[in-house]
Each structure stands twice: as structure tokens, then as C-alpha cells.
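Numbering (the UniProt record's numbering), first residue to last: 1 to 397.
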């Protein structure tokens, strides 16, 4: 096989393999074992041999993540990435990997993640207190109670104040995520919920009750990107990387110019421009949803509705976000119901690819109004407390 020489043109890049590890409650596994399980399954999904993988992207295990994961998987990559910008890291690293493959700096890049976030808390190895306030500029905000959840809650309250967004509208995001999860046998929580049930749950950080917040699970995921010349050797249909965008906004809340605007406003615009498509052409969206407000404001900032109209757009009575709705969102149930093992960005890409390939059964599979498979999808990840965003536009065929 002839490989491209860096600097001599751009190659098309496809996602050729995706997989999840065991997810949900996985008490006996280690993060490394979940990495390996997801990686093996993604390679099997692609039909390619491990020997073709010359690039690796990994994050979440500390500063030596790529080296540790490469050693554990028996890989010796010549291209690596370990971008650390929170949950959006996977969309950002997918963008970096696609650029590297397109330029000929790598031929096949494996993105892989694994976490025992749920098991660690149950075993007392870590807590849920995520204030991130012990170092750097964040130490000046930590005394005011700025846990991660409180930061998102404050942003949601600002949107409610500025645009009249209601508690019921925020709860509608959780209701529709759970309805999608009910169709997904891999989802951790599948029992349908109502708006009233969401609103009557235990208060976590006003306005968020428990079901406004993501679940905590164990699990891993893997995505394999490869140059176009490898596609003919794959057992799955290619899903092409059409456009990507990334943006870092802030870390201190005091440096966030507008709590009602997420960094997806920039990363999304860049991704759509580079893909040459408009939001109206997208068939479904996978959006990082650690909290209900994230879904609402990201939909606004990606251009699916105008700023301030997100509340009406996600109203449960309209059912837009359902698998059979006008714009299916988080079709697997998202972080609110399916799984959320600490950094969920890679799971967005896995679900988007499965949907575009038509891998899923009736009721779970997104289809266009004419019954055909979807052609275009967007996956948008968020890191920190809207500190960063990465957006990827994917296409079938």
C-alpha cells in the first residue's frame, strides 16, 4: 500500500471502527482493562489488524496517559496526542487525528478511553467533590462554593433570567434523554421519567435536581480513524470526517464573558464552515450533557435555534429530541441516562458513527422522514464548565 507523504496533498479521513467496553456497573475492571477491551472491539469492528495503528490519542490517566496506554495495548505509535481540555478532549483529539492522517503524518489513529469513575467512588478511591479550586486562578473562586455543579447551575439560572427559560423546559431535556435511553439496552437507566418527577427530585444545586445531572458510571470507548486507502480493507462502511472546530474560552467564571453562550458557538461555526454544511442539513446531534442546561445552550450555539429560544426548542411536548423527533439528540440516552464515566466525549462519536452506519435496530435507529438512513451528524463535546468545546461534523457514504 502506498502512503501519502506529508505535505503532498490531503487525504480523506474516515472513522472505520468504533466500540464501547462494558459500561455501567463494572466493579472488577481497571481503567486499563476497559481501554484494552474497547480498543480490541473497535479493531474487530473495523476488520483492520492492530499493526496498521501508528497513532494513539488518550487522556484521563494523568500526564503519561499515551505512554501508559500504548504500552498496555502493545502499540508503538509514531503520532500521539493527549490534549487535556476536559470532556471535549475527544472531539478536539479527533480533529487533531484527522488532520494528522489527512496530512500523512499518521495512517490510522486509535482514540481510546476507559474509566472506573463509579467504582472508584463506591470503593472510596475518590469523591464527587469536584471544585477544581486548589491551584491557579480557581483558588480565588473556590471560597464562594464554586463546585463544578454549582458553576453550571449558576449559568443555567442566568439563562432563565435573561430569556425566561423555565424549570420545566430544562427538565424536558432529561425526560427526552431517558426516553431515548429506554430504547437502548446498553443504557444504565432506562425507566421513563416525567417532567414532574425530574422537578420533584432531590435538589443538588439550584435549579438542578438530581435528574438534571449526569449519572456516574464505569466504561470505556474507542474510535479508529484511518486514511481513505484503508477503507477498502474494512468490514464496515466508512463514516467521513467532514469538518472540525475547537475553542477554549476560560477557566475562571469571572473570565466567562456571557454565561448564556458556550464555546460551541465558536467550535460549531468552524466545524460547519469547514464541512461546508449548514445546521439545517444535520440529521441528528450528539451533545455533551453532563447537565440539562448543556444540551439546551449547545443547541442554541450550534445554530439549531436562535439564542434564547432553546427552552421552547427542547420542550418535551414537542418531542424534537427523541429518536423519531425533528432533531434527535443524544440518541443513546446521553450522559443523563446512558453512561458517563468521567469524560464522555468519545461516546458521542461512537453513537454518531453507529447511527450513520445504520447499525441499530428499528426504534433505536434514526431515520430521515422518507425512511432512509441519516446522512449528516454533529458531535459536540464540552470540557470543564463550558471552558472548552470541540465539534465534529460526520457524514455517511
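The beta carbon of each residue, even a glycine, is placed where N, CA and C say it ideally should be.
Query                                                                                                                                                                          : Result
Here's a check: name, in chain order, each residue in its chain whose Cβ is nearer than 6 Å to the Cβ of residue 34, leaving out the five neighbours to either side.           : 21, 114, 220
Would you tell me roughly how many angstroms separate the C-alpha atoms of residue 58 and residue 311, rounded to the nearest one?                                             : 35 Å
Within the same chain, show all residues whose beta-carbon is closer than 6 Å to that of residue 11, passing over the 5 residues directly before and after it, in chain order. : 4, 102, 227, 228
Take the Cβ of residue 206 as the centre, count every other Cβ of all protein chains shown within 10 Å, and call the residue buried at 16 or more, exposed below.              : exposed
Under a Cβ-count criterion, where at least 16 other Cβ atoms within 10 Å of its own Cβ denotes burial, should residue 71 be classed as buried or exposed?                      : exposed
Tell me whether the beta-carbon of residue 61 lies closer than 9 Å to the beta-carbon of residue 31.                                                                           : yes
Quick check: the Cα distance between residue 69 and residue 235, rounded to an integer number of angstroms?                                                                    : 26 Å
Run the CB neighbour count on residue 365, radius 10 Å, all protein chains shown included, and call it buried at 16 or more, exposed below.                                    : buried
Exposed or buried, residue 17, counting other C-beta atoms within 10 Å across all chains shown (16 or more means buried)?                                                      : buried
Give the secondary structure of residue 19 by DSSP, where H, G and I count as helix, E and B as strand, and everything else as coil.                                           : strand
Rank 176, 145, 161, 48 by C-alpha distance to the C-alpha of residue 314 and give the top, closest one.                                                                        : 176
Can you tell me where the alpha helix (DSSP H) with residue 79 in it begins and where it stops?                                                                                : No alpha helix (DSSP H) contains residue 79, which is instead part of the beta strand (DSSP E) from 79 to 81.
Which residue comes first and which comes last in the beta strand (DSSP E) that contains residue 380?                                                                          : 376 to 383
If I follow the unbroken alpha helix (DSSP H) through residue 349, where does it start and stop?                                                                               : 345 to 357
Buried or exposed, going by whether 16 or more other CB atoms sit within 10 Å of the CB of residue 278?                                                                        : exposed
Specify the secondary structure class of residue 149 as computed by DSSP and reduced to three states.                                                                          : helix
Taking the Cβ atom as the reference point for each residue, do residue 212 and residue 293 lie within a distance shorter than 9 Å?                                             : yes
Going by other Cβ atoms of all chains shown within 10 Å of its Cβ, with 16 needed for buried, is residue 242 buried or exposed?                                                : buried
Residue 198 and residue 179 look like a contact to me (Cβ under 8 Å); what is the Cβ gap, rounded to whole Å?                                                                  : About 12 Å; that fails the 8 Å criterion.
Shortest alpha-carbon distance to residue 225 belongs to which of 386, 346, 385?                                                                                               : 346
Cα separation between residue 300 and residue 308?                                                                                                                             : 7 Å
Could you tell me the distance, in whole angstroms, from the CA atom of residue 263 to the CA atom of residue 149?                                                             : 18 Å
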